[in-house]
Amino acid sequence: MENIVGDKYVSDKPEVTYLYHYDFVTTEPEGKCDIAIIPGSAEEVQDIVKLANKHQIPLIPWVSGINFGSIATPRRGGIVVDLRRLNRVLEVNEDDMYAVIEGGTTWADLQGYLEKNHPNLRAGITWSPPGTGVIPSCLCYGMFDLGMLGGTGAEFINGLEVVLGSGDLVRVGSCSLSDYWYGRQPMPDLAGLFIGWEGTTGIVTKAAIKLWPILPFREDFTGMTLTMDKGVPVLLKLSKAGLGICDIVIVNFGWGQSIQELNERDAVKDAVAANMPDCVTVITTQAYTEKQHEAQCEAIKDLCKKGGIGLLSATDGVEAIQRPPIQLWGCWNFSRGGGGQWIGSYCSTRDIVKYYNLSRKVCLKYNKIPQFYSRLLFGGHYCVARTNVNFNKNDPQDIENARKLLHEIHDEVQNLGGVVMYKPPLWAVDYYKNKTVPGTTKLINNIKKLLDPNNIMNPGQGIGEE
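Each number in our numbering corresponds to the 1-based position in the sequence shown with 1 added.
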């Protein structure tokens with residue numbers, strides 16, 4: 002390994018490998034990293050994979066270790082491939098609006114590069130910390146603040162460069178036969194061999210990510226109403242109204258408290274019982290002309306007024322925050338212990354309110370404040386619904402209680418049908434295996450064996466494993 006990356010970028014020292022044993026925030030059990038290695042190029046990744054494949058040593062791709070489902074945790078030991086040195090923005094095509102980035106590029110890397118070099122373009126951004134990876138967010142179906150336009154992070158992917166378990170390097174999309182990375186059409190769409198597979202079919206070394214123009218006019222509204230039952234139908238109507246809306250976020254009062262650095266012990270336990278606004282939304286619209294913008298904003302205000310949602314402007318919304326400034330990822334310290342996990346699922350928009358009510362009931366049963374988050378995606382075609390659970394990661398009993406709570410929420414929302422967890426931990430992967438059409442499970446297993454015959458790519462995560 003030292004011959005591949007140099008002795009500076011590989012270590013088996015316990016004080017180094019310990020940092021890769023576990024996901025930094027979740028309740029999932031830690032694994033064991035035997036060796037950590039930090040390659041500096043796709044060619045070095047290839048050499049690492051070829052050596053590991055020869056000796057059948059597990060490989061785990063890793064960017065920041067904040068993945069919530071513990072899907073970058075070494076379940077069977079082996080080598081963690083830390084991609085942080087692969088953090089360059091290689092190209093921005095302004096005509097076709099995409100950026101080609103390396104596998105370890107973070108949101109801070111990409112956003113900073115665009116602001117400096119291409120201020121007329123923007124990426125869809127997650128609400129995760131700036132040090133988390135762009136490509137993992139896309140591969141794992143993350144949600145962006147342009148989700149109403151583009152869907153999940155997976156739909157923002159134009160093409161991929163991937164090192165397979167054999168060490169072979171492949172490209173999928175238009176980049177497989179040209180220097181352009183404009184899309185995955187019209188060839189067979191092989192990107193699906195790597196999206197949603199949690200690193201079990203290859204290590205992505207490059208990707209092209211869609212960018213979007215920054216339009217001259219934008220407005221961010223904050224809306225509130227008493228209950229999800231009242232607010233969600235209005236927002237679903239807005240999502241289908243064609244009003245230049247690029248983002249619709251729905252959260253409950255509990256989630257709103259968590260991002261303001263409040264202490265869970267001192268916060269309102271049940272906003273519904275306290276008759277406080279338990280449906281809070283952020284609606285973002287943008288336009289090319291002032292006239293268009295005024296018309297869109299007027300229509301949004303009118304629909305919300307008729308539906309009983311009170312709107313605040315962006316300025317008034319910020320002033321309503323008790324403890325500014327806020328960082329949205331601050332919600333993970335609500336319990337003052339740095340621990341957090343979610344039951345987050347893609348589902349039908351019909352079931353947002355039902356999902357919330359079921360998870361809310363379970364949270365209150367465990368004496369936890371319900372923290373709910375939903376995003377309408379791709380023009381309202383589908384959504385994500387998620388309940389966050391916080392805990393003190395230094396308290397074993399608190400961790401165990403959180404695990405029980407998470408499992409119970411998962412079991413309850415599965416009764417809705419069509420609810421599928423994203424970034425699933427092993428126990429959830431195993432659950433869905435039992436529900437999936439047998440022929441589909443067989444196909445997944447066959448693909449895994451074809452792309453990774455020695456099962457060295459992130460083994461133990463359950464995907465494609467008998």
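All C-beta atoms, glycine included, are put in the ideal place defined by N, C-alpha and C. Because the structure is a prediction, the values reported are computed rather than measured.
Go through the region 228-293 residue by residue and report every complete run of the beta strand (DSSP E) that reaches 3 residues or more, in order.
Taking only runs of at least 3 residues, the beta strand (DSSP E) segments lying wholly in the region 228-293 are 246-252, 280-288.
C-alpha gap between Glu103 and Ile5, whole angstroms
Working through the sequence shown from its first residue, we reach residue 103 at position 102. Working through the sequence shown from its first residue, we reach residue 5 at position 4. In this structure, the alpha-carbon of Glu103 lies about 19 Å from that of Ile5.
The alpha helix (DSSP H) that contains Met149, what's its start and end?
Walking along the sequence shown from the start, residue 149 turns up at place 148. Element bounds for Met149: 148-151.
CB of Phe25 within 9 Å of CB of Ile67, strictly:
Locating residue 25 in the sequence shown gives position 24, counting from the first residue. Locating residue 67 in the sequence shown gives position 66, counting from the first residue. Less than 9 Å separates the beta-carbon of Phe25 from that of Ile67.
Cα separation between Tyr433 and Thr442?
Indexing the sequence shown from 1 puts residue 433 at position 432. Indexing the sequence shown from 1 puts residue 442 at position 441. Taking the CA atoms as reference points, Tyr433 sits about 10 Å from Thr442.
Is it right to say Thr316 is buried, meaning 16 or more other beta carbons lie within 10 angstroms of its own, or is it exposed?
Residue mapping note: residue 316 aligns to position 315 of the sequence shown, counting from 1. Looking at its Cβ environment, which holds fewer than 16 other Cβ atoms inside 10 Å, Thr316 is exposed.
Neighbourhood of Ala272 by C-beta distance below 6 Å, restricted to the same chain and skipping five residues each side
Your numbering for residue 272 matches position 271 in the sequence shown. Contacts found: Phe254, Asp279.
Can you give me the Cβ contacts of Thr127 inside the same chain, cut-off strictly under 8 Å, excluding the 5 residues immediately before and after it?
By 1-based counting over the sequence shown, the position of residue 127 is 126. Taken in chain order, the residues that qualify are Trp108, Thr133, Ser138, Gly143, Met144, Phe145, Asp146, Gly154.
Excluding the 5 residues flanking Leu452 on each side, which residues of the same chain have their C-beta closer than 7 Å to its C-beta?
As a position in the sequence shown, residue 452 is number 451, starting the count at 1. Cβ within range, chain order: Leu165, Gly166, Leu194, Thr202, Gly203.
Could you check which residue in Val46, Ile39, Gly308 has the C-alpha nearest to that of Arg85?
What you label residue 85 is simply residue 84 of the sequence shown in a count that begins at 1. Ranking Val46, Ile39, Gly308 by CA distance to the CA of Arg85 puts Ile39 first.
Output the boundary residues of the alpha helix (DSSP H) element that contains Trp108.
On the sequence shown, position 107 is the one that residue 108 refers to. Bounds of the alpha helix (DSSP H) holding Trp108 are 108-118.
Taking the alpha carbon of Val171 as the point to measure from, which residue in Lys424, Gly152, Ala208 has its own alpha carbon closest?
Walking along the sequence shown from the start, residue 171 turns up at place 170. The shortest Cα separation from Val171 among Lys424, Gly152, Ala208 belongs to Ala208.
Is Cys478 helix, strand or coil by DSSP?
Past the boundaries of the shown model lies residue 478; the chain is included only from 2 to 467, so the question cannot be answered.
What's the C-alpha gap between Asp436 and Cys364?
For the purposes of this step, residue 436 is taken as residue 435 along the sequence shown, with counting starting at 1. For the purposes of this step, residue 364 is taken as residue 363 along the sequence shown, with counting starting at 1. It should be pointed out that residue 436 corresponds to Lys in this sequence rather than to Asp. So the two alpha carbons sit approximately 26 Å from each other.
Measuring alpha carbon to alpha carbon, tell me which of Glu95, Cys141, Leu140, Lys292 ends up nearest Pro120.
On the sequence shown, residue 120 is found 119 positions in, with the first residue counted as 1. Looking at the Cα atoms, Glu95 is the closest of the given residues.
So, for Val420: in the same chain, excluding its five sequence neighbours on each side, which residues have a beta-carbon less than 6 Å away from its beta-carbon?
Taking the first residue of the sequence shown as position 1, residue 420 is located at position 419. Only Ser346, Cys348, Val414 meet the Cβ criterion.
Would you kindly work out how many angstroms separate the C-alpha atoms of Ala300 and Gly380, rounded to a whole number?
Residue 300 sits at position 299 when you count from the first residue of the sequence shown. Residue 380 sits at position 379 when you count from the first residue of the sequence shown. Gly380 has its alpha-carbon roughly 17 Å from the corresponding atom of Ala300.
What's the gap between the Cα of Ile158 and the Cα of Gly152?
For the purposes of this step, residue 158 is identified with residue 157 of the sequence shown, where counting begins at 1. For the purposes of this step, residue 152 is identified with residue 151 of the sequence shown, where counting begins at 1. Within the model, the alpha-carbon separation for Ile158 versus Gly152 is close to 11 Å.
Of the listed residues Lys366, Tyr374, Asn368, Gln342, nearest to Tyr357 (C-alpha basis):
Mapped onto the sequence shown, residue 357 falls at position 356. Answer by Cα proximity: Tyr374.
Measuring only the C-alpha atoms, how far is Ala288 from Ile448?
Numbered from its first residue, the sequence shown carries residue 288 at position 287. Numbered from its first residue, the sequence shown carries residue 448 at position 447. A straight line joining the alpha-carbon of Ala288 with that of Ile448 spans about 44 Å.
Spell out the partners DSSP gives Leu212 in its beta bridges.
Residue mapping note: residue 212 aligns to position 211 of the sequence shown, counting from 1. Partner(s): Ala124.
Spatial neighbours of Lys211 within its chain, please: CB distance less than 7 Å, with the 5 preceding and 5 following residues excluded, ordered by chain position.
The residue labelled residue 211 in the question sits at position 210 within the sequence shown. Around Lys211: Met98, Tyr99, Gly151, Phe157, Asn159.
The ligand COA heavy atom lying under 8 Å from the CB of Pro59:
With respect to the ligand COA, the structure offers nothing, as it holds no ligand at all.
Cutoff 6 Å; reference Cys176; Cβ partners in own chain excluding five residues on either side
Taking the sequence shown and counting its residues from 1, the one referred to as residue 176 is at position 175. These residues qualify, in order along the chain: Gly160, Trp182.
Closest residue to Gly331 among Ala403, Met229, Asn276, Pro131 (Cα-Cα distance)
Numbered from 1 along the sequence shown, position 330 holds the residue referred to as residue 331. Of Ala403, Met229, Asn276, Pro131, the residue nearest in Cα terms is Pro131.
Between the Cα of Leu329 and the Cα atoms of Arg266, Ser259, Glu291, His294, which residue gives the shortest distance?
Position 328 of the sequence shown, counting from 1, holds the residue named residue 329. Looking only at Arg266, Ser259, Glu291, His294, the smallest Cα-Cα distance to Leu329 is reached by Ser259.
Would you check if there are 3 or more beta carbon pairs closer than 8 Å linking the region 111-119 to the region 46-53?
For the pair of segments examined, the region 111-119 was found not to touch the region 46-53: the number of CB pairs separated by less than 8 Å stays below three.
For Leu312, which of helix, strand or coil comes out of DSSP?
Along the sequence shown, one-based indexing puts residue 312 at 311. DSSP places Leu312 in strand when its eight states are reduced to three.
Rounded Cβ spacing between Val281 and Val252 (contact assumed at less than 8 Å):
Mapped onto the sequence shown, residue 281 falls at position 280. Mapped onto the sequence shown, residue 252 falls at position 251. The pair is a contact, with the Cβ atoms about 5 Å apart (cut-off 8 Å).
Enumerated in chain order, which unbroken segments of the alpha helix (DSSP H) with a length of 4 residues or greater are wholly contained in the region 341-412?
Positions of the alpha helix (DSSP H) runs, each at least 4 residues long and wholly inside the region 341-412, are given as 353-366 in order along the chain.
Within a Cβ cutoff of 7 Å, which residues of the same chain sit near Pro217, ignoring the five residues on either side of it in sequence?
Along the sequence shown, one-based indexing puts residue 217 at 216. These residues qualify, in order along the chain: Tyr289.
Can the beta-carbon of Phe222 be found less than 9 Å from the beta-carbon of Glu265?
Reading the sequence shown from its first residue, position 221 is the one you call residue 222. Reading the sequence shown from its first residue, position 264 is the one you call residue 265. Not a contact, by the Cβ cut-off of 9 Å.
For Asn88, tell me which candidate among Ser65, Pro75, Arg76 has the shortest Cα-Cα distance.
In the sequence shown, counting from the first residue as 1, residue 88 sits at position 87. Taking the Cα of Asn88 as reference, the smallest distance to any Cα among Ser65, Pro75, Arg76 is reached at Ser65.
Span separating the alpha-carbon of Lys33 from that of Ala73:
Along the sequence shown, read from residue 1 onward, the residue named residue 33 stands at position 32. Along the sequence shown, read from residue 1 onward, the residue named residue 73 stands at position 72. If I take the Cα positions, the gap works out to 11 Å.
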